[in-house]
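Q:
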Amino acid sequence: MDTRLIWITPEAEKNILYCARVSSPENQQSTNVGLLNYCLKHGHWSPFEMANACIEIKTSRAISAQILRHRSFSFQEFSQRYSKATTYEVYEARSQDNKNRQNSIDDLSEDTKMWFEDAQRMNGEACFELYQEALDRGVAKEQARMLLPINTSTTLYMNGSIRSWIHYINLRAEAGTQKEHRDIAVAIRNIFIQELPNISDALEWNKDGILL
Numbered sequence: 020m021d022t023r024l025i026w027i028t029p030e031a032e033k034n035i036l037y038c039a040r041v042s043s044p045e046n047q048q049s050t051n052v053g054l055l056n057y058c059l060k061h062g063h064w065s066p067f068e069m070a071n072a073c074i075e076i077k078t079s080r081a082i083s084a085q086i087l088r089h090r091s092f093s094f095q096e097f098s099q100r101y102s103k104a105t106t107y108e109v110y111e112a113r114s115q116d117n118k119n120r121q122n123s124i125d126d127l128s129e130d131t132k133m134w135f136e137d138a139q140r141m142n143g144e145a146c147f148e149l150y151q152e153a154l155d156r157g158v159a160k161e162q163a164r165m166l167l168p169i170n171t172s173t174t175l176y177m178n179g180s181i182r183s184w185i186h187y188i189n190l191r192a193e194a195g196t197q198k199e200h201r202d203i204a205v206a207i208r209n210i211f212i213q214e215l216p217n218i219s220d221a222l223e224w225n226k227d228g229i230l231l
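The letter at position 33 of the sequence shown is residue 52 when you use this note's numbering, and the numbering goes up by one with no holes.
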């Protein structure tokens, strides 16, 4: 898993404040950031649509499928129809939470964890060998990819308004999200803690410090 900022609206917080004060032109140049906290507290979301950010995310097809459900964003993803897939992600084993079907628990033995990692590598190597053979036999990439595992690596660009990012982070950085997806959301939150310090303060994103 890896994330990095591709671009963000220059002086994003300043521009959000400027647009938020459109009905008070005499005060539109004010840099008082208290308005950010007021808007967030009272659900005035439209000013946060006046700035955007684009993030690069490296993950697996299993996790990208979850990310793509956030339809307020625009996406560009690595195409397995156009280019050859080359790698896969290896994930840790966790047990099923019987109280919450959307959660898993890190309580399995080291032996089971090692077995699961080895199983992913064996499966990945076997799938990629068959995938390569299919390509060698002249099978099109768009068809050969049917042999690839769901943990095949992918890269996607995720672009959206700051409003959309706030809702995404607040949802996906919580425990109800699969850990591998949650790690991505936390990493993106850390980017915004750096880029949008006043908004992050208002949202209490940095109350526990930056989680690297």
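We treat Cβ as the ideally placed atom computed from N, Cα and C, and that holds for glycine.
(1) With a 10 Å radius around its C-beta and 16 neighbouring C-beta atoms as the bar for buried, classify Ile203 as buried or exposed.
(2) Mind pulling the alpha helix (DSSP H) runs of 4 or more residues that sit fully within the region 50-89?
(3) Among the residues of its own chain, which have a CB less than 6 Å from the CB of Leu55, if the five just before and after it don't count?
(4) Taking Cβ to Cβ, would you say Arg208 is nearer than 8 Å to Ala194?
(5) Considering Thr174, what are the terminal residues of the beta strand (DSSP E) in which it resides?
(6) Measure the Cβ-Cβ separation of Thr173 and Phe97 and say whether it is below 8 Å.
(7) Give me whichever residues DSSP pairs with Arg23 in a beta bridge.
(8) Quick check: the region 27-41 against the region 65-78, are at least 3 beta-carbon pairs closer than 8 Å?
(9) Using beta-carbon positions only, say whether Arg243 and Lys160 come within less than 8 Å of one another.
(10) With DSSP run on the structure shown, which of helix, strand or coil describes Glu152?
(11) To the nearest whole angstrom, what separates the beta carbons of Val109 and Gln139, a pair I think is in contact under 8 Å?
(12) Does the beta-carbon of Tyr57 have 16 or more other beta-carbons within 10 angstroms, so that it is buried, or is it exposed?
(13) Determine the contact status of Thr105 and Met20, defining contact as a CB-CB distance below 8 Å.
(14) Are Asn189 and Pro168 close, meaning C-beta to C-beta below 8 Å?
(15) Let's test the definition: count the other Cβ atoms within 10 Å of the Cβ of Ala145 and tell me whether it reaches 16, buried, or not, exposed.
(16) Can you tell me the Cα-Cα spacing of Phe147 and Met133, whole angstroms?
(17) Just the C-alpha distance for Lys103 and Gln115, rounded to the nearest angstrom, thanks.
(18) Going by C-alpha distance, which of Ala112, Gln47, Gln213 is nearest Asp130?
(19) Which residues share a DSSP beta bridge with Ile207?
A: Short version:
(1) Stepping through the sequence shown from its first residue, residue 203 is reached at position 184. Burial state of Ile203 is buried, judged by a 10 Å Cβ sphere holding 16 or more other Cβ atoms.
(2) Assignment of alpha helix (DSSP H) within the region 50-89, counting only whole runs of 4 or more residues, yields 53-60, 80-86 in chain order.
(3) Translated into the one-based positions of the sequence shown, residue 55 becomes position 36. Excluding sequence neighbours, Leu55 sits near Asn217, Ile218, Ala221.
(4) Against the sequence shown, residue 208 aligns to sequence position 189. Against the sequence shown, residue 194 aligns to sequence position 175. Between Arg208 and Ala194, the gap from beta carbon to beta carbon reaches 8 Å or more.
(5) Reading the sequence shown from its first residue, position 155 is the one you call residue 174. Going by DSSP, Thr174 is part of the beta strand (DSSP E) stretching over 172-180.
(6) In the sequence shown, the residue the question calls residue 173 occupies position 154. In the sequence shown, the residue the question calls residue 97 occupies position 78. A contact, by the Cβ cut-off of 8 Å.
(7) Against the sequence shown, residue 23 aligns to sequence position 4. In the DSSP assignment, Arg23 forms a beta bridge with Glu75.
(8) Inter-segment contact for the region 65-78 and the region 27-41 is present: three or more beta-carbon pairs are separated by less than 8 Å.
(9) With the chain covering 20 to 231 only, the question about residue 243 has no answer from this structure.
(10) As a position in the sequence shown, residue 152 is number 133, starting the count at 1. Secondary structure of Glu152 (DSSP, three-state): helix.
(11) As a first step, residue 109 is located in the sequence shown; it is residue number 90 there, counting from the start. As a first step, residue 139 is located in the sequence shown; it is residue number 120 there, counting from the start. The Cβ separation is near 5 Å, so the contact holds.
(12) Sequence index remark: in the sequence shown, residue 57 carries index 38 (1-based). Classification of Tyr57: exposed, given that the 10 Å Cβ count is below 16.
(13) Counted from its first residue, the sequence shown places residue 105 at position 86. Counted from its first residue, the sequence shown places residue 20 at position 1. Met20 is positioned such that its CB atom lies no closer than 8 Å to that of Thr105.
(14) On the sequence shown, position 170 is the one that residue 189 refers to. On the sequence shown, position 149 is the one that residue 168 refers to. Going by C-beta atoms, Asn189 is not nearer than 8 Å to Pro168.
(15) If you number the sequence shown from 1, residue 145 lands on position 126. So Ala145 counts as exposed.
(16) As a working mapping, residue 147 is identified with position 128 in the sequence shown. As a working mapping, residue 133 is identified with position 114 in the sequence shown. Computed Cα separation, rounded: 21 Å.
(17) Residue numbering aside, residue 103 sits at position 84 when the sequence shown is read from its first letter. Residue numbering aside, residue 115 sits at position 96 when the sequence shown is read from its first letter. About 34 Å.
(18) The residue given as residue 130 occupies position 111 in the sequence shown. Nearest of Ala112, Gln47, Gln213 to Asp130, Cα basis: Ala112.
(19) Taking the sequence shown and counting its residues from 1, the one referred to as residue 207 is at position 188. Ile207 is not bridged by DSSP to any residue.
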